[in-house]
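Data block below; observations after.
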Amino acid sequence: MSSYDVVVVGSGPGGSVTARECARAGLRVLVVEEGERVEPGAVPAYSLEQMRRQYRNQGLTVALGRPPIAYTEAACAGGGSEVNSGLYHRPSAELLDAWSREHAVEALTLPDVEPWLGTVEDRLQVQGRAGELPPASAALARGAERLGWAGLDVPRWAVPGPGHPEKQTMTRTYLADALEAGAELACGSRVDRLDVHDGRVRGVVVAGRTVTSERVVVAAGAVQSPALLQRSGVPVSGRGLAVHPTVKVVAEFAEDVNDPADLATYQVKEFAPALTLGGSASRPSLIALALSERGWSVAGEPREAWRRQQVYYAAIRSRGRGRVRSVPGFRDPVVTYRLTREDLALLRSGLARLMHLLLAAGATRLLPSYAGAMTVTTNADVAPAAAAMTRSRAALMSVHLTGTLPLGERRGGVVDSWGRVRDVTNLWVNDASLLPDAPGINPQGTLMAIAHRNVDRLLRGDG
Amino acid sequence: MPDLGEPAALTVLTGAGGWFGRAWLRAHAAPQHRHGPVPTGRVRALAGSPGEVTGILEACPGAEVHVGDVVDPEVLQTLFAGAEGAVVVHAAGVIHPRRVDEFARVNVGGTRAVLEQARSAGVRRLVHVSSNSAFGVNPTPTDRFRHEEPFRPYLGYGASKAAAEAEVRAAHDPGTLETVVVRPPWFYGPWQPVRQTTFFTMVAAGRFPVMGSGAQQRSMVHVDNLVQGAALAARVSDVGGDAFWVADARPYPMAEIVRTVAEVLADEGYLVARSRLPGAVPGGRRVPALVARGAERLDRLLQSRGRYQQELHVLGEMDKTIACDIAYTRERLGYEPEVELREGMREAVRWCRQRGIALAPRADGAR
Numbered sequence: 144m145s146s147y148d149v150v151v152v153g154s155g156p157g158g159s160v161t162a163r164e165c166a167r168a169g170l171r172v173l174v175v176e177e178g179e180r181v182e183p184g185a186v187p188a189y190s191l192e193q194m195r196r197q198y199r200n201q202g203l204t205v206a207l208g209r210p211p212i213a214y215t216e217a218a219c220a221g222g223g224s225e226v227n228s229g230l231y232h233r234p235s236a237e238l239l240d241a242w243s244r245e246h247a248v249e250a251l252t253l254p255d256v257e258p259w260l261g262t263v264e265d266r267l268q269v270q271g272r273a274g275e276l277p278p279a280s281a282a283l284a285r286g287a288e289r290l291g292w293a294g295l296d297v298p299r300w301a302v303p304g305p306g307h308p309e310k311q312t313m314t315r316t317y318l319a320d321a322l323e324a325g326a327e328l329a330c331g332s333r334v335d336r337l338d339v340h341d342g343r344v345r346g347v348v349v350a351g352r353t354v355t356s357e358r359v360v361v362a363a364g365a366v367q368s369p370a371l372l373q374r375s376g377v378p379v380s381g382r383g384l385a386v387h388p389t390v391k392v393v394a395e396f397a398e399d400v401n402d403p404a405d406l407a408t409y410q411v412k413e414f415a416p417a418l419t420l421g422g423s424a425s426r427p428s429l430i431a432l433a434l435s436e437r438g439w440s441v442a443g444e445p446r447e448a449w450r451r452q453q454v455y456y457a458a459i460r461s462r463g464r465g466r467v468r469s470v471p472g473f474r475d476p477v478v479t480y481r482l483t484r485e486d487l488a489l490l491r492s493g494l495a496r497l498m499h500l501l502l503a504a505g506a507t508r509l510l511p512s513y514a515g516a517m518t519v520t521t522n523a524d525v526a527p528a529a530a531a532m533t534r535s536r537a538a539l540m541s542v543h544l545t546g547t548l549p550l551g552e553r554r555g556g557v558v559d560s561w562g563r564v565r566d567v568t569n570l571w572v573n574d575a576s577l578l579p580d581a582p583g584i585n586p587q588g589t590l591m592a593i594a595h596r597n598v599d600r601l602l603r604g605d606g
Numbered sequence: 015m016p017d018l019g020e021p022a023a024l025t026v027l028t029g030a031g032g033w034f035g036r037a038w039l040r041a042h043a044a045p046q047h048r049h050g051p052v053p054t055g056r057v058r059a060l061a062g063s064p065g066e067v068t069g070i071l072e073a074c075p076g077a078e079v080h081v082g083d084v085v086d087p088e089v090l091q092t093l094f095a096g097a098e099g100a101v102v103v104h105a106a107g108v109i110h111p112r113r114v115d116e117f118a119r120v121n122v123g124g125t126r127a128v129l130e131q132a133r134s135a136g137v138r139r140l141v142h143v144s145s146n147s148a149f150g151v152n153p154t155p156t157d158r159f160r161h162e163e164p165f166r167p168y169l170g171y172g173a174s175k176a177a178a179e180a181e182v183r184a185a186h187d188p189g190t191l192e193t194v195v196v197r198p199p200w201f202y203g204p205w206q207p208v209r210q211t212t213f214f215t216m217v218a219a220g221r222f223p224v225m226g227s228g229a230q231q232r233s234m235v236h237v238d239n240l241v242q243g244a245a246l247a248a249r250v251s252d253v254g255g256d257a258f259w260v261a262d263a264r265p266y267p268m269a270e271i272v273r274t275v276a277e278v279l280a281d282e283g284y285l286v287a288r289s290r291l292p293g294a295v296p297g298g299r300r301v302p303a304l305v306a307r308g309a310e311r312l313d314r315l316l317q318s319r320g321r322y323q324q325e326l327h328v329l330g331e332m333d334k335t336i337a338c339d340i341a342y343t344r345e346r347l348g349y350e351p352e353v354e355l356r357e358g359m360r361e362a363v364r365w366c367r368q369r370g371i372a373l374a375p376r377a378d379g380a381r
């Protein structure tokens, strides 16, 4: 491999925005991606096969703690954008103001970010759904309407497809643009470490060989980016990991609700940003997994019961924080997360409110996702079922990992307001690590706009 | 403004000797704008014990007073004699009993008995006084209980109020008996019981603890605001089977509640130990939230063994946010609370002073 102007580590949303903008500016760009390239649609969305091929460790990654929190990280060309739901929210002015204040971030108000949000929305063709809600979403909307709770069908980055809308991904958009503008993509290539000397990065080390570059932008996600910096001798605590801890419920209805090829895009935002209720991926295999130890008896048509079943979630903004620590000799870092008392109380409240809503929507029975949970069939069951989710029984999961390298001018911060690593002049971070907190919304749109903002600064030549 | 039905000729009130009961009766005798459409016809009042009768008649000299246990069918049969077309306001209940099993006996058993007798007497509508305790505590200081909210009862009292509310709502039958629930949070205002006087005394002495940051919020309801809510629940058409939060216009941060009481006491001529008041002055001493958590644990332990200790129970709730959203109540009942914290607390303090109830030493040295 030759020498580059920019090496981008990771091809997810942050990396793809960076690569496209750099390539379009005429720079020689290499994107190094640990995972494989899988064409969109080549494996069924939300399937076990997708977990095997497009997730790190086949989707089995856990933040240790009490309770542990299972999380998923994509490991493929396009990163999280290939496997997520593609739900799009604009960040609120309050959120950006709070981040700006708490982390002393320059130029991160909504007016600063708005033009970049527009760029992202145009390219990803963010749009609302036309026509009727699919049944899993309709159930949520019905429950919310009966309870007088606010909700919305969340816009997605999707284009009309045959039958279902076709979700936009990085390989279809920004990464494709980058390659078209001349960027190179090296898949199946793990960066062992960065070659950092005397406050400068000389390149990245892949399979023992250094690929030299004028600049390096790390965009490997909130777990892998701090771990890579740690492996490279950059002093990074790895603290500050923020997630949206999530508890799930399997709901069974009298009628069919589960369309495995579509997903529930409706979210109940009555209690936002603290608490969001929504629908999860509900492939038959995932439902079978959730119900495997429960022995729900299914009368009549047991093989088709999944059609009447759907997984829903309650996700919270957490006060807890986690930590990422790379351990010499081990490929993956150790990730820990400390859920606070308040978090657990909020999760119980969220679980109760979710079950209340699902019963109002007409669910006939519910199974919360924690060890030894009871089946809920009436409103009177809701309180005991929520109260029984203790620390030792809780089984939480999360996506939306952020917060390990928060941008800003606070003392002790690893990166500045634009993602530039303070101690290494030609090294940047440009991914979800930069978001100071899990924002209470699907964060991809926010992080892509911030990535645009940062790379624009980088290209304006103060690197 | 929602449609009001015809006023009932007779109102039957249980729990008449209590805080709300006497406030309701006073409004009956001397209605003000703040009370809303409180009925002015005949009123029949059930006292739990003979000792309550004087207080009931003080509030409403014209009331027909019955005395007896609210779970006793014979007492209720007499109470409901000729009550066809009447409105029942069911406010009887125990909050701080000696034994935990009183919760189920009075709050659930009493409600069931009242529903049954009201139905057979041909009562038109029953208004049931429920509680925030059926819904537990809010998970964050900014969270509010919505109109539709799952029951998540807080300990024995909460469980009994949840069970009672569920029975009342299930008993709604448009043909025969309409039922409406009002859910008040922490009361304040005239006709206050000894426990509220203790609260004032502790604040005056600088001994009332503000747990943690004091940012935890509490919905409170002035008893006259609650009278308005209950009066509307008794009169507004087409709200049968529904339940309504009835509280002041906004929840108050705990530190503001304590500070306001201290300031009102000082204004009204009482000596207030300001310097010792935790949380009431900037930088003042506060009690770690851990104390409330310890109290809550001990309370749970005692209640699991059938015992109840009021101070422990109250202390255990002190670091919690318990706050509700009254938007639906405003919309459906046309409820507009008129009394606010400072003015309402002043009324309560003056009410105590008029009755010679000692709260703190007087600043002028008088008794």
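Protein sequence lines, in the order shown, are assigned to chains A and Z. When we follow the working numbering, the leftmost residue of the first sequence carries the number 144, and every step to the right adds one. When we follow the working numbering, the leftmost residue of the second sequence carries the number 15, and every step to the right adds one. Note that beta-carbon positions come from the ideal geometry of N, C-alpha and C, so glycine has one too.
Nearest residue (CA-CA) to residue i, options the options
i             : options                    : result
residue 407/A : 502/A, 351/A, 283/A        : 283/A
residue 250/Z : 271/Z, 164/Z, 50/Z         : 50/Z
residue 527/A : 562/A, 506/A, 491/A, 545/A : 491/A
residue 565/A : 575/A, 427/A, 548/A        : 548/A
residue 175/A : 518/A, 334/A, 233/A        : 334/A
residue 273/Z : 336/Z, 78/Z, 360/Z         : 360/Z
residue 223/Z : 270/Z, 62/Z, 239/Z, 321/Z  : 270/Z
residue 177/A : 434/A, 199/A, 278/A        : 199/A
residue 523/A : 32/Z, 166/Z, 20/Z, 93/Z    : 166/Z
residue 196/A : 181/A, 459/A, 206/A        : 181/A
8 Å contact criterion, which residue i and residue j should meet: CB distance rounded
i             : j             : result
residue 85/Z  : residue 127/Z : 5 Å
residue 385/A : residue 592/A : About 18 Å separates the two Cβ atoms, so there is no contact after all.
Per DSSP, cross-strand counterpart(s) of residue i
i             : result
residue 358/A : 149/A
residue 591/A : DSSP output for residue 591/A lists no bridge partner at all.
residue 222/Z : None, per the DSSP bridge assignment.
residue 233/Z : For residue 233/Z, which the question treats as bridged, DSSP gives no partner whatsoever.
residue 267/Z : 231/Z
residue 97/A  : Not covered by the structure: residue 97/A. The range shown for chain A is 144 to 606.
residue 419/A : 458/A
residue 200/Z : 234/Z
residue 211/Z : Answer by DSSP bridge pairing: none, since residue 211/Z is not bridged.
residue 284/Z : 376/Z
residue 296/A : 409/A
Rounded separation between residue i and residue j - CA only
i             : j             : result
residue 216/A : residue 226/A : 9 Å
residue 590/A : residue 387/A : 16 Å
residue 185/Z : residue 176/Z : 14 Å
residue 373/Z : residue 211/Z : 7 Å
residue 323/Z : residue 248/A : 51 Å
residue 152/A : residue 173/Z : 56 Å
residue 471/A : residue 374/A : 8 Å
residue 295/Z : residue 262/Z : Caution is warranted here: a pLDDT of 44 is assigned to residue 295/Z, below 50, making its placement in the model unreliable, and the coordinate value is therefore given only provisionally. Looking at the two C-alpha atoms, the distance is approximately 24 Å.
residue 634/A : residue 276/Z : A question about residue 634/A goes unanswered here, because the residues of chain A that appear run from 144 up to 606.
residue 291/Z : residue 329/Z : Unreliable positioning characterises residue 291/Z in this predicted model, as indicated by a pLDDT of 48, which lies under 50. The coordinate reading is nonetheless provided below. Roughly 16 Å separates the two Cα atoms.
residue 155/Z : residue 23/Z  : 44 Å
residue 448/A : residue 421/A : 21 Å
residue 29/Z  : residue 503/A : 34 Å
residue 258/Z : residue 377/Z : 42 Å
residue 298/Z : residue 557/A : Its pLDDT being 48, under 50, residue 298/Z is placed unreliably by the model, and the measurement read from it follows with that caveat. The alpha-carbon atoms of residue 298/Z and residue 557/A are separated by roughly 37 Å.
residue 332/A : residue 485/A : 41 Å
residue 82/Z  : residue 481/A : 55 Å
residue 359/A : residue 302/A : 33 Å
Go through the stretch 159-193 of chain Z residue by residue and report every complete run of the alpha helix (DSSP H) that reaches 4 residues or more, in order.
169-184
Taking the runs of the alpha helix (DSSP H) that are 4 residues or longer, which of them lie wholly in the stretch 86-149 of chain Z?
87-93, 125-135
Every unbroken beta strand (DSSP E) inside the stretch 202-283 of chain A [3 residues or more]
204-206, 212-214
Which full runs of the alpha helix (DSSP H) of 4+ residues lie inside the stretch 494-530 of chain A, going along the chain?
522-530
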